[in-house]
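The structure appears below as structure tokens.
Residue numbers (our numbering): 273 to 550.
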């Protein structure tokens, strides 16, 4: 079978990881047929994912890694996953932002992608506890100069996490004194029982402060986050106004179980947007 040149290595590995998580394990020969690549290519992809701790290789294939609820992958490891979904989610979420508003972006690879789509929205005030998100705006200003309408960026300060978020008392105090129109929140896990969760206790508290300071909460998360539970919950599903995700969200995700909530999915190849009323 000839190599499928249409898929980049990162895209193949995201598809492989999705198959492993969804099915509980896959065989090499199944992946070669599905992806249209050679046995050697699949094994190299499995080796790369295993080195990142994303799956466990077994004889003839791979199975999911059973992660502790305290496990927190670094930014680089997460940034290689679900690239297409994150880009689509970011593009869709950016349409919710209007010029002249005050918004907050939490840490995460999806909010990082979103930041790049917000560079041309004029007169934004951006509050963030993400070093990576702040760098997107600062790099744009260094490149193009201090143009009229460029975003004003407020970086909270705090202690840096493996995902390059700033958390802890300094970040919490800064956020508590602010009020913003929209919060775009990246999450480690979402479930009906645990709500929104993270493996980092300090990050959980900082995320609580972000939610409390926002008039509207928008969660940006691809479908692989559904069913994942971290060590600490920081918000219930009823506190989420909008979920922007991709069409892979499982049917059993359902609704946040409150009156007038709408978390219906659209399998249209574009991100699903669900908007519960508050």
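In this text, a Cβ means the ideal position worked out from N, Cα and C, and glycines have one as well.
Since we're looking at a predicted model, the values are computed, not measured.
CA-to-CA distance, residue j to residue i, given in whole angstroms
{"i": "residue 500", "j": "residue 468", "result": "9 Å"}
{"i": "residue 386", "j": "residue 365", "result": "7 Å"}
{"i": "residue 392", "j": "residue 508", "result": "32 Å"}
{"i": "residue 459", "j": "residue 430", "result": "19 Å"}
{"i": "residue 498", "j": "residue 465", "result": "11 Å"}
{"i": "residue 457", "j": "residue 494", "result": "12 Å"}
{"i": "residue 473", "j": "residue 506", "result": "9 Å"}
{"i": "residue 450", "j": "residue 432", "result": "21 Å"}
{"i": "residue 442", "j": "residue 427", "result": "11 Å"}
{"i": "residue 310", "j": "residue 296", "result": "22 Å"}
{"i": "residue 280", "j": "residue 320", "result": "14 Å"}
{"i": "residue 303", "j": "residue 285", "result": "11 Å"}
{"i": "residue 305", "j": "residue 315", "result": "13 Å"}
{"i": "residue 452", "j": "residue 371", "result": "13 Å"}
{"i": "residue 312", "j": "residue 301", "result": "11 Å"}
{"i": "residue 503", "j": "residue 471", "result": "5 Å"}
{"i": "residue 422", "j": "residue 308", "result": "45 Å"}
Three-state class that DSSP yields for residue i in the structure shown
{"i": "residue 394", "result": "coil"}
{"i": "residue 368", "result": "coil"}
{"i": "residue 476", "result": "helix"}
{"i": "residue 500", "result": "coil"}
{"i": "residue 407", "result": "helix"}
{"i": "residue 419", "result": "coil"}
{"i": "residue 321", "result": "helix"}
{"i": "residue 290", "result": "helix"}
{"i": "residue 311", "result": "helix"}
{"i": "residue 470", "result": "strand"}
{"i": "residue 444", "result": "helix"}
{"i": "residue 486", "result": "strand"}
{"i": "residue 509", "result": "helix"}
{"i": "residue 337", "result": "coil"}
{"i": "residue 300", "result": "helix"}
{"i": "residue 373", "result": "coil"}
{"i": "residue 465", "result": "coil"}
{"i": "residue 494", "result": "coil"}
Selection from the options that minimises the alpha carbon distance to residue i
{"i": "residue 395", "options": "445, 409, 449", "result": "409"}
{"i": "residue 362", "options": "380, 374, 485", "result": "380"}
{"i": "residue 375", "options": "428, 327, 511, 486", "result": "486"}
{"i": "residue 317", "options": "287, 337, 296, 331", "result": "287"}
{"i": "residue 413", "options": "388, 337, 297", "result": "388"}
{"i": "residue 522", "options": "290, 283, 282", "result": "290"}
{"i": "residue 520", "options": "496, 502, 421", "result": "496"}
{"i": "residue 490", "options": "328, 326, 377", "result": "377"}
{"i": "residue 462", "options": "283, 512, 390", "result": "512"}
{"i": "residue 283", "options": "323, 359, 330", "result": "359"}
Whole-number beta carbon distance between residue j and residue i, since they are thought to touch under 8 Å
{"i": "residue 492", "j": "residue 383", "result": "6 Å"}
{"i": "residue 298", "j": "residue 334", "result": "6 Å"}
{"i": "residue 293", "j": "residue 336", "result": "6 Å"}
{"i": "residue 397", "j": "residue 415", "result": "Not quite, the Cβ-Cβ distance comes to about 21 Å (not below 8 Å), so this is no contact."}
{"i": "residue 517", "j": "residue 454", "result": "Not really, about 17 Å apart at Cβ, beyond 8 Å."}
* To do: Inspect the CB distances between the segment 435-446 and the segment 389-403 and report whether three or more fall short of 8 Å.
  => By the Cβ rule, the segment 435-446 counts as touching the segment 389-403, because three or more pairs are nearer than 8 Å.
* Asked: Is it true that the segment 476-491 meets the segment 444-453, where meeting means three or more beta-carbon pairs spaced less than 8 Å apart?
  -> A contact exists between the segment 476-491 and the segment 444-453.
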